[in-house]
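Going left to right, the sequence shown walks through residues 124 to 293 as my numbering numbers them. Don't be surprised by glycine CBs; every beta carbon is placed ideally from N, CA and C. Computed from a predicted structure; not experimentally measured. To start, the structure under review is shown below, and the notes come after it.
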Amino acid sequence: MPYITHAQLAESPGALELSQVASDEHAPPVAPELLEALLRRRRAAAWPRDEVAAARRALARIDDAVSDAGAVIDGYLAKRGYKLPLAPVHRLVTAWCRAIARYNLHKNRLAPEGKDPIERAWRDALRLLQQVADGKFALGAGDAVAVDKLDARFCSAPLTFGRQQMKAFR
Numbered sequence: 124m125p126y127i128t129h130a131q132l133a134e135s136p137g138a139l140e141l142s143q144v145a146s147d148e149h150a151p152p153v154a155p156e157l158l159e160a161l162l163r164r165r166r167a168a169a170w171p172r173d174e175v176a177a178a179r180r181a182l183a184r185i186d187d188a189v190s191d192a193g194a195v196i197d198g199y200l201a202k203r204g205y206k207l208p209l210a211p212v213h214r215l216v217t218a219w220c221r222a223i224a225r226y227n228l229h230k231n232r233l234a235p236e237g238k239d240p241i242e243r244a245w246r247d248a249l250r251l252l253q254q255v256a257d258g259k260f261a262l263g264a265g266d267a268v269a270v271d272k273l274d275a276r277f278c279s280a281p282l283t284f285g286r287q288q289m290k291a292f293r
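Laid out in structure tokens, this is it:
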């Protein structure tokens, strides 16, 4: 189960960016409207067959990047002891999957070191995933693994001189 859906990818980063980075190399980008239609599972009958085929290849590249991002996320979460795949998917995990998949798709991007927002989001996602793996960051209040690992329990012998026992001496 992927941690991000096609509809979520259509919202951000959007079909325009995805068509630019996932289209066939040395070919014009797929029409963003066509990719948007495929991402949102709408009919693509209005476009020529060769364009639809190119868009499907781009969608396959996007799915591969999402799958690779999911594998990276699973690697970090497995180290912490999460039952995989996560269900339901936390919003943070979706954001991390988006950042890692975008970075994977932008493999040929040239940007100054440290000034690329896509690279910065990727590094932030990996940094937070490492913190989750180390037990320094949790996935929210409903995080069963963090509660289980951090829950403090105290056990003691029964009280000898507790309130209930002392009632007999009043």
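Are residue i and residue j close, meaning C-beta to C-beta below 7 Å?
i    : j    : result
R163 : A130 : yes
A224 : A192 : yes
W170 : L182 : no
P125 : S142 : no
A248 : A222 : yes
From residue i to residue j, what does the alpha carbon distance come to, in whole angstroms?
i    : j    : result
V144 : E174 : 16 Å
V153 : G263 : 39 Å
R180 : S146 : 7 Å
L207 : A168 : 38 Å
V216 : A280 : 43 Å
L200 : I185 : 22 Å
E159 : A138 : 5 Å
W245 : Y226 : 6 Å
A261 : Q287 : 40 Å
L132 : A218 : 10 Å
A282 : F292 : The sequence as given places Leu at residue 282; Ala does not occur at that position. Those two C-alpha atoms are separated by around 16 Å.
D266 : R214 : 12 Å
P211 : F284 : 48 Å
S135 : C278 : 50 Å
R243 : R172 : 38 Å
How close, in whole Å, do the beta carbons of residue i and residue j come, if the pair is a contact with beta carbons under 8 Å?
i    : j    : result
D239 : R250 : Contact doesn't hold; Cβ gap of about 16 Å is too wide.
Please return the same chain residues whose Cβ sits closer than 6 Å to the Cβ of residue i, not counting the five positions on each side in sequence.
i    : result
M289 : none
Considering only residues of the same chain and omitting the five flanking positions on each side of residue i, which have a CB-CB separation below 8 Å?
i    : result
R295 : Because the chain here runs from 124 to 293, residue 295 falls outside it and cannot be looked at.
A177 : S146, D147, A150 and V153
A196 : A quick correction: the sequence has Ile, not Ala, at residue 196. Hits under 8 Å: Y126, V216, W219, C220, I223 and L252.
Taking 7 Å as the limit between beta carbons, can you name the residues of its chain near residue i, skipping five residues before and five after?
i    : result
H229 : V144 and I241
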